[in-house]
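Chemist:
There are 4 protein chains.
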Amino acid sequence: MGEILPKIGDDPCDLLEILPRGRPAAGQDPIKRGQIIDGARRVFIDKGFEAASMNDITREAGVSKGTIYVYFANKEELFEALIEEERSTIFKNMYDVLDQIGDLRATLVKFGKVLSAKITSAKVIQAQRTVVGAADRIPELGTRFYERGPKRGHDKIVIFLNAAIERGLLNIADVDLAAYQFTELCLAGLFRQCIFNYRTKAPSSAEIEHIVSSGVDMFLKFYGTEQLATEESDQVIAKEAKL
Amino acid sequence: MGEILPKIGDDPCDLLEILPRGRPAAGQDPIKRGQIIDGARRVFIDKGFEAASMNDITREAGVSKGTIYVYFANKEELFEALIEEERSTIFKNMYDVLDQIGDLRATLVKFGKVLSAKITSAKVIQAQRTVVGAADRIPELGTRFYERGPKRGHDKIVIFLNAAIERGLLNIADVDLAAYQFTELCLAGLFRQCIFNYRTKAPSSAEIEHIVSSGVDMFLKFYGTEQLATEESDQVIAKEAKL
Amino acid sequence: MGEILPKIGDDPCDLLEILPRGRPAAGQDPIKRGQIIDGARRVFIDKGFEAASMNDITREAGVSKGTIYVYFANKEELFEALIEEERSTIFKNMYDVLDQIGDLRATLVKFGKVLSAKITSAKVIQAQRTVVGAADRIPELGTRFYERGPKRGHDKIVIFLNAAIERGLLNIADVDLAAYQFTELCLAGLFRQCIFNYRTKAPSSAEIEHIVSSGVDMFLKFYGTEQLATEESDQVIAKEAKL
Amino acid sequence: MGEILPKIGDDPCDLLEILPRGRPAAGQDPIKRGQIIDGARRVFIDKGFEAASMNDITREAGVSKGTIYVYFANKEELFEALIEEERSTIFKNMYDVLDQIGDLRATLVKFGKVLSAKITSAKVIQAQRTVVGAADRIPELGTRFYERGPKRGHDKIVIFLNAAIERGLLNIADVDLAAYQFTELCLAGLFRQCIFNYRTKAPSSAEIEHIVSSGVDMFLKFYGTEQLATEESDQVIAKEAKL
DNA sequence: AATGAATGAGCGTTCATTCAT
DNA sequence: AATGAATGAACGCTCATTCAT
Numbered sequence: 124m125g126e127i128l129p130k131i132g133d134d135p136c137d138l139l140e141i142l143p144r145g146r147p148a149a150g151q152d153p154i155k156r157g158q159i160i161d162g163a164r165r166v167f168i169d170k171g172f173e174a175a176s177m178n179d180i181t182r183e184a185g186v187s188k189g190t191i192y193v194y195f196a197n198k199e200e201l202f203e204a205l206i207e208e209e210r211s212t213i214f215k216n217m218y219d220v221l222d223q224i225g226d227l228r229a230t231l232v233k234f235g236k237v238l239s240a241k242i243t244s245a246k247v248i249q250a251q252r253t254v255v256g257a258a259d260r261i262p263e264l265g266t267r268f269y270e271r272g273p274k275r276g277h278d279k280i281v282i283f284l285n286a287a288i289e290r291g292l293l294n295i296a297d298v299d300l301a302a303y304q305f306t307e308l309c310l311a312g313l314f315r316q317c318i319f320n321y322r323t324k325a326p327s328s329a330e331i332e333h334i335v336s337s338g339v340d341m342f343l344k345f346y347g348t349e350q351l352a353t354e355e356s357d358q359v360i361a362k363e364a365k366l
Numbered sequence: 124m125g126e127i128l129p130k131i132g133d134d135p136c137d138l139l140e141i142l143p144r145g146r147p148a149a150g151q152d153p154i155k156r157g158q159i160i161d162g163a164r165r166v167f168i169d170k171g172f173e174a175a176s177m178n179d180i181t182r183e184a185g186v187s188k189g190t191i192y193v194y195f196a197n198k199e200e201l202f203e204a205l206i207e208e209e210r211s212t213i214f215k216n217m218y219d220v221l222d223q224i225g226d227l228r229a230t231l232v233k234f235g236k237v238l239s240a241k242i243t244s245a246k247v248i249q250a251q252r253t254v255v256g257a258a259d260r261i262p263e264l265g266t267r268f269y270e271r272g273p274k275r276g277h278d279k280i281v282i283f284l285n286a287a288i289e290r291g292l293l294n295i296a297d298v299d300l301a302a303y304q305f306t307e308l309c310l311a312g313l314f315r316q317c318i319f320n321y322r323t324k325a326p327s328s329a330e331i332e333h334i335v336s337s338g339v340d341m342f343l344k345f346y347g348t349e350q351l352a353t354e355e356s357d358q359v360i361a362k363e364a365k366l
Numbered sequence: 124m125g126e127i128l129p130k131i132g133d134d135p136c137d138l139l140e141i142l143p144r145g146r147p148a149a150g151q152d153p154i155k156r157g158q159i160i161d162g163a164r165r166v167f168i169d170k171g172f173e174a175a176s177m178n179d180i181t182r183e184a185g186v187s188k189g190t191i192y193v194y195f196a197n198k199e200e201l202f203e204a205l206i207e208e209e210r211s212t213i214f215k216n217m218y219d220v221l222d223q224i225g226d227l228r229a230t231l232v233k234f235g236k237v238l239s240a241k242i243t244s245a246k247v248i249q250a251q252r253t254v255v256g257a258a259d260r261i262p263e264l265g266t267r268f269y270e271r272g273p274k275r276g277h278d279k280i281v282i283f284l285n286a287a288i289e290r291g292l293l294n295i296a297d298v299d300l301a302a303y304q305f306t307e308l309c310l311a312g313l314f315r316q317c318i319f320n321y322r323t324k325a326p327s328s329a330e331i332e333h334i335v336s337s338g339v340d341m342f343l344k345f346y347g348t349e350q351l352a353t354e355e356s357d358q359v360i361a362k363e364a365k366l
Numbered sequence: 124m125g126e127i128l129p130k131i132g133d134d135p136c137d138l139l140e141i142l143p144r145g146r147p148a149a150g151q152d153p154i155k156r157g158q159i160i161d162g163a164r165r166v167f168i169d170k171g172f173e174a175a176s177m178n179d180i181t182r183e184a185g186v187s188k189g190t191i192y193v194y195f196a197n198k199e200e201l202f203e204a205l206i207e208e209e210r211s212t213i214f215k216n217m218y219d220v221l222d223q224i225g226d227l228r229a230t231l232v233k234f235g236k237v238l239s240a241k242i243t244s245a246k247v248i249q250a251q252r253t254v255v256g257a258a259d260r261i262p263e264l265g266t267r268f269y270e271r272g273p274k275r276g277h278d279k280i281v282i283f284l285n286a287a288i289e290r291g292l293l294n295i296a297d298v299d300l301a302a303y304q305f306t307e308l309c310l311a312g313l314f315r316q317c318i319f320n321y322r323t324k325a326p327s328s329a330e331i332e333h334i335v336s337s338g339v340d341m342f343l344k345f346y347g348t349e350q351l352a353t354e355e356s357d358q359v360i361a362k363e364a365k366l
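Going down the list, the protein sequences come from chains Z, D, E and R. Every number in this note's numbering is 123 more than the matching position in the first sequence, counting from 1. Every number in this note's numbering is 123 more than the matching position in the second sequence, counting from 1. Every number in this note's numbering is 123 more than the matching position in the third sequence, counting from 1. Every number in this note's numbering is 123 more than the matching position in the fourth sequence, counting from 1.
See below:
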């Protein structure tokens, strides 16, 4: 393929670098791959691994069966690729809020709301259900999903908390546990309700706000230091002064 | 099925219900039904709904295919009946601790440990995974499971907390939320780790103890009243006096 | 099938010993098994192993696909069972002639004709082609076919020749080779012509007679003793005397 | 294909046929054709017609799928072309020994050994199996193979025998039959053993020598004339004199 | 002229459900 | 009432052939 193409740079049409030229190699066309994954997403997420049929996916993806098998060795690999994509999409950027330095309480609330909203959103719940449902048949799938998704997020929370401890704002004996506690408080009740389909739709942002702010209060009451309290009351005073 | 049968009491043969004689009516023998459900449990919980085959269940249950179809209209109904049983078994007695009146903190810790241990036990995780995995195919299944399981437990916690509020030991604005927070703190991290198969075995009782006691501390620090603090220090003094 | 048969029941149960009573166990009904093998025969012998489809066999056998898989684990096993049956049918009784003691030349001619006619008959050639065609994919199949078919026959010829040697009628250094030579002389040209489908139909009995008698002449001229010659001329004289 | 092309001779560019310059016409490059056939040989002979896939051949031949379909209309035609080539290679020169005039017995033994070794060689057996296996699906294939291979050889043997008859060395009533008998005696037992995969490797040359010399002895004892016997004993005397 | 990505009919096999016994 | 042999639609997957590039 590539060798036949004229050298890039001799050509005023270099933009074509972005839009691929010629026919892509078998199993290499990212557009087609995307099409297949999209079809697979609709079917797998909707029906789960077992109940989804390759014919369904064929139909949804708008490609032939043979083509799917050029891109993915079998149903399981296609499923795993999809879950990997989902995982990556879901957790991408979820923890960005924690990178900004700022007011501790405000950051926790902001982050808690993002976390809670994301994890309980209809699409993400569906995806998680699909992973859980397949966890018996493909055990590493669930393991990997958790490892590269929730676990990495957890690690970022731990780092964030440690930074706050360093700044003297928090006093935590078991940071790992504290990170889990924080996450759970932000999701209080929601995750289990959603995953079991008791809640058939995602919580409102008001509800999330209510839960998260209560959770942060509890968390800071338990782990916050004197210094945090001082800083916060200073801020309140400063704010009031401004008004 | 059962609903179509004449109400017990309208019938002079009611004794048969109590001391069954002779061959039970088709689909009415509770022993055979139990046998089927037991076989179904082993297969469904192990393989999930789709991967389980009626032949497997036939073999495990030691009854014929036709018999299963007399007791249960189809695979789905059998599965639902099994899940109903599982749900009932799992949550039976889980909340008994809350009925005893006693030291608040001790009760919460005791209950939290039971709750956490139960929900993260291998068998119960398997069952929950099975329910979650089937929740797309049979949405009401998950709904009903949550409603009659976790939700009822939640209600009992709410009642317990309200009693403590009445006793002046707690000061909670949103009791419903507090109940969720308590549950989540007791499970901090465990439920998601187990359900996704990141943890491949149940947490140790030491781990649970650690999590629960930290959770209860946080919970009481946030919601506990002055009176609770007084009572507790009294108890400590009393204890020390005893020694 | 069986249901259409007239009720046995006029009868004090004697016949029942022969005709099975009740429904046979799964994969145990010899009538159904026969039906499947018969369908398989028509399809496999006609098309060869690979080109035959289980759907074709289903259609020819008049049973459902599932039923075939109760009786035979897979296509290959069904094929092997069929070939085993064919082999058994083909070679059954083929060597009976050799058991009778009688005039040597006459016995050899009689046997040679049976052998030649059998092996070159349309059905048997088809079956052998099927075995040969599958010998790459299932090597033991051909091995077993030869071992239990032609090889056993060969052994019987060896025994027969040894008996004749004992009787002083033949003088053979390498009996094993002689047995092969005899067989080949009886088939002179026919087997290869048939198996390659150069001859599209079986040789006439006149042709076989011609080939076999010439073959026997050559064989006896080479391996016959003085005693055989004497006996034979005696017989001719005796015959002429009778006329 | 080829037939559609204009007749050679109508065209002033005929030299191109002899010394082709530039790119050959579609489906006309004999090098590429050879490449394809070579790939096809490796795959077809190894796996048989049905089990061979066009992708395998593509890979083995190192040409694209499309190109194969330019040279051969479909799998079947490619297979037939291959078999034609195989046939031609196998039987080429096999009968050269018969063209030399010399000692009859020695010539027969020499030829018989060549014939037997060739036909029972692993590669040739494989090829014959492939033909036999395909003979149901493509009946003319086997017919043509035999016609242009074994049959032509047979004809050459007939010519050779007739020459020997003319020289007064043999006395044969049915020369056609005698030719078959000779061939069969040289292969005694081997062909069937090999084709059915009872023998999994080619016979040793010692074995072939044993079989062939016994076969020639039998053949000449039956068909040899007084003159042959005289000539041979003369040769023996001459040989002994030389020593 | 040559390529090889794409197609989709067809493969062997499984299994929820039925119904004759 | 209970059985389990039989059914056949549907499964995941392959591969001869086509045709846009």
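Virtual Cβ for every residue (Gly too), placed ideally from N, Cα, C.
Can you tell me the Cα-Cα spacing of residue 245 of chain R and residue 318 of chain R, whole angstroms?
Modeler: Roughly 10 Å separates the two Cα atoms.
Chemist: Under 8 Å between C-beta atoms, does residue 144 of chain E make it to chain R?
Modeler: Because residue 144 of chain E carries a pLDDT of 47, less than 50, the predicted location of this residue cannot be relied on, and no value is offered for it.
Chemist: Taking the continuous alpha helix (DSSP H) assigned at residue 295 of chain Z, which residues delimit it?
Modeler: Counting along the chain, residue 295 of chain Z falls outside any alpha helix (DSSP H), and DSSP gives it neither H nor E.
Chemist: Exposed or buried, residue 239 of chain Z, counting other C-beta atoms within 10 Å across all chains shown (16 or more means buried)?
Modeler: Buried, by the Cβ-count rule.
Chemist: Compute the minimum distance between the beta carbon of residue 170 of chain D and the heavy atoms of the ligand MN, and state whether it is under 7 Å.
Modeler: No copy of the ligand MN occurs in the structure displayed, which carries no ligand at all.
Chemist: From this set, D:325, D:341, D:314, which residue's C-alpha is nearest residue 301 of chain Z's C-alpha?
Modeler: Checking every option, the nearest Cα to that of residue 301 of chain Z belongs to D:341.
Chemist: Does DSSP classify residue 185 of chain E as helix, strand or coil?
Modeler: Residue 185 of chain E falls in the coil class under three-state DSSP.
Chemist: Rounded to whole angstroms, what is the Cα-Cα separation between residue 144 of chain E and residue 169 of chain E?
Modeler: For residue 144 of chain E, the predicted structure reports a pLDDT of 47, less than 50, and the residue's modelled location is therefore unreliable. The matter cannot be settled from this model.
Chemist: Only counting runs of 4 or more residues, tell me where the alpha helix (DSSP H) segments fall wholly within the segment 213 to 291 of chain Z, in order along the chain.
Modeler: 227 to 242, 245 to 257, 262 to 269, 275 to 289, all fully within the segment 213 to 291 of chain Z.
Chemist: Strictly under 8 Å for the Cβ-Cβ distance: is residue 252 of chain Z near chain D by that measure?
Modeler: Yes, its Cβ sits closer than 8 Å to a Cβ of chain D.
Chemist: Sort out for me which residues DSSP pairs residue 347 of chain E with in a bridge.
Modeler: E:293, per the DSSP bridge assignment.
Chemist: Indicate the three-state DSSP secondary structure (helix, strand or coil) for residue 173 of chain D in the structure shown.
Modeler: Here residue 173 of chain D sits in coil by DSSP.
Chemist: Starting from the beta carbon of residue 344 of chain R, find every residue of chain E whose beta carbon is closer than 7 Å, and list them in chain order.
Modeler: 344, 345, listed in chain order.
Chemist: Please name the residue, chosen from D:355, D:247, D:351, that lies closest to residue 320 of chain D on a Cα-to-Cα basis.
Modeler: Answer by Cα proximity: D:247.
Chemist: Taking buried to mean at least 16 other C-beta atoms within 10 Å of its own C-beta, is residue 228 of chain R buried or exposed?
Modeler: It counts as buried.
Chemist: Can you tell me whether residue 304 of chain R is buried or exposed, with buried defined as 16 or more other CB within 10 angstroms of its CB?
Modeler: By the 10 Å Cβ count, residue 304 of chain R comes out buried.
Chemist: Pull up the distance between the alpha-carbon of residue 298 of chain D and that of residue 284 of chain D, whole angstroms please.
Modeler: Their Cα atoms are separated by approximately 7 Å.
Chemist: Would you tell me roughly how many angstroms separate the C-alpha atoms of residue 252 of chain R and residue 164 of chain E, rounded to the nearest one?
Modeler: Going by the C-alpha atoms only, they are around 20 Å apart.
Chemist: CA-CA distance, residue 151 of chain Z and residue 183 of chain Z?
Modeler: One C-alpha to the other measures close to 20 Å.
Chemist: Indicate whether the contact test is met: 3 or more Cβ pairs, each with one atom in the segment 266 to 285 of chain E and one in the segment 273 to 290 of chain R, closer than 8 Å.
Modeler: No, because fewer than three Cβ pairs between the segment 266 to 285 of chain E and the segment 273 to 290 of chain R fall closer than 8 Å, the two stretches do not touch.
Chemist: Are the CB atoms of residue 223 of chain Z and residue 212 of chain Z nearer to each other than 8 Å?
Modeler: Not in contact: residue 223 of chain Z and residue 212 of chain Z (Cβ atoms no closer than 8 Å).
Chemist: Look at residue 155 of chain R and residue 190 of chain R and say whether their C-beta atoms are less than 8 Å apart.
Modeler: It is a contact, given that the beta carbons lie within the stated cut-off.
Chemist: In chain E, which residues lie with their C-beta within 7 Å of the C-beta of residue 273 of chain R?
Modeler: Those within 7 Å of residue 273 of chain R in chain E are 315.
Chemist: Between residue 347 of chain D and residue 308 of chain D, is the Cβ-Cβ spacing less than 8 Å?
Modeler: Going by C-beta atoms, residue 347 of chain D is not nearer than 8 Å to residue 308 of chain D.
Chemist: With 16 as the cutoff for other CB atoms within 10 Å, does residue 365 of chain Z come out buried or exposed?
Modeler: Answer is exposed; the Cβ neighbour count stays below 16.
Chemist: Looking at chain E, is there any beta carbon in it that lies within less than 8 Å of the beta carbon of residue 304 of chain R?
Modeler: For residue 304 of chain R, the answer is yes, since a Cβ of chain E falls inside 8 Å of its Cβ.
Chemist: So, is the C-beta of residue 255 of chain R closer than 8 Å to a C-beta in chain E?
Modeler: With 8 Å as the cut-off, residue 255 of chain R counts as an interface residue toward chain E.
Chemist: Is there a C-beta anywhere in chain D that falls below 8 Å from the one on residue 337 of chain Z?
Modeler: For residue 337 of chain Z, the answer is yes, since a Cβ of chain D falls inside 8 Å of its Cβ.
Chemist: When you compare the CB positions of residue 269 of chain D and residue 249 of chain Z, do they come within less than 8 Å of one another, or not?
Modeler: Their beta carbons are not under 8 Å apart, which means residue 269 of chain D does not touch residue 249 of chain Z by this criterion.
Chemist: At 9 Å on the CB atoms, spell out the chain Z contacts of residue 159 of chain D, in chain order.
Modeler: Under the 9 Å cutoff, chain Z gives no residues; its nearest Cβ is about 21 Å from residue 159 of chain D.
Chemist: Confirm, please, whether the CB-CB distance from residue 358 of chain E to residue 291 of chain E is below 8 Å.
Modeler: Their beta carbons are not under 8 Å apart, which means residue 291 of chain E does not touch residue 358 of chain E by this criterion.
Chemist: Which of the three DSSP states is assigned to residue 151 of chain R in this structure?
Modeler: Reduced to three states, the DSSP call for residue 151 of chain R is coil.
Chemist: Please identify, using Cβ separations under 8 Å, the residues of the segment 153 to 178 of chain R that lie next to chain E, in order along the chain.
Modeler: Listed by position, the residues of the segment 153 to 178 of chain R near chain E (Cβ gap below 8 Å) are 169, 170, 171, 172, 173, 174.
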